[in-house]
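S.K.: Quick note on my numbering: the sequence shown kicks off at 19 and runs consecutively. Glycine included, every Cβ here is placed at the ideal spot set by N, Cα and C. Okay, handing you the structure first.
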Amino acid sequence: MAHMTVSVEYGLHCLLGLIDAGDAPRSARDLALFQGISPSFAAKIFAKLEKAGIVRAAEGVRGGYRLARPAHAISVLELVDAIEGRKPLFDCQDIRGRCALFEDGAPEWATRGVCSIHAVMLKAEKAMRDTLASETLADIGGRLERKAPAEFGGDTKAWFAARLARRRSRPSQAEDRQR
């Protein structure tokens, strides 16, 4: 978790679009377009989320993704680890043993125990991971719901329903070839 990339932000925004979907899957493309992000980039994120068991895929015209568990059971930390992998916040190079005064090699006192700088970074990483673990997708969704106007939820559902209806009404590629 050296640096959280934009993938985490995109993933969280897309998952917020699944909270109110219920059993109706939403396509990664529609979720991306709703957020104004690249559909191909969102597809890569959803592959990681599916592998981590955060979302489940459904095939077909009505296919897409749905949450694999309730939003209150999905921590932000899970999402970060699924997308970014579990990387350390700080990569200690252990330079404490390279001091110019240690010509014949570092004395035992200089390299004993955890590096003092690394110890601070480990403490910071633990605090960050604990905070991310304590927040859920439902917590973020609740904040959004309290912030947004009452009609936003209905407008969101209508937007996704219209996208799905358009997909269903289009002839399939096989039908196009037969014409």
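#1: Answer with buried or exposed for Phe170, where buried requires no fewer than 16 other C-beta atoms within 10 angstroms of its C-beta.
#2: Kindly list the residues whose CB is nearer than 8 Å to the CB of Ala124, restricted to its own chain and excluding five residues on each side of it in sequence; keep chain order.
#3: Please specify which runs of the beta strand (DSSP E), each continuous and at least 3 residues long, are wholly inside the region 25-100, giving them in chain order.
#4: Identify the continuous alpha helix (DSSP H) that holds His136 and give its terminal residues.
#5: How far does the alpha helix (DSSP H) with Arg185 in it extend, from its first residue to its last?
#6: Quick one: what does DSSP say Glu102 is sitting in, helix, strand or coil?
#7: Rounded to a whole number of angstroms, what is the C-alpha to C-alpha distance between Arg84 and Ala166?
#8: Taking the CB atoms as reference points, tell me whether Ile92 and Ile63 lie closer together than 7 Å.
#9: Got a sec, what are the start and stop residues for the alpha helix (DSSP H) Ile7 sits in?
#10: Alpha carbon to alpha carbon, how far is Lys66 from Ser45? Give it in angstroms, no decimals.
#11: Put Arg130 into one of helix, strand or coil per three-state DSSP.
#12: Hey, is the region 126-135 in contact with the region 92-102, meaning 3+ C-beta pairs nearer than 8 Å?
#13: Quick one: using the 10 Å Cβ neighbour count with 16 as the cut-off for buried, is Thr149 buried or exposed?
M.R.: Per the coordinate set shown:
#1: exposed
#2: Arg114, Gly115, Arg116 and Cys117
#3: 73-76 and 82-85
#4: Ser134 to Ser152
#5: Glu169 to Ser187
#6: helix
#7: 22 Å
#8: no
#9: Residue 7 cannot be examined here, being either before or after the span of the chain that is shown, 19 to 197.
#10: 15 Å
#11: coil
#12: no
#13: exposed
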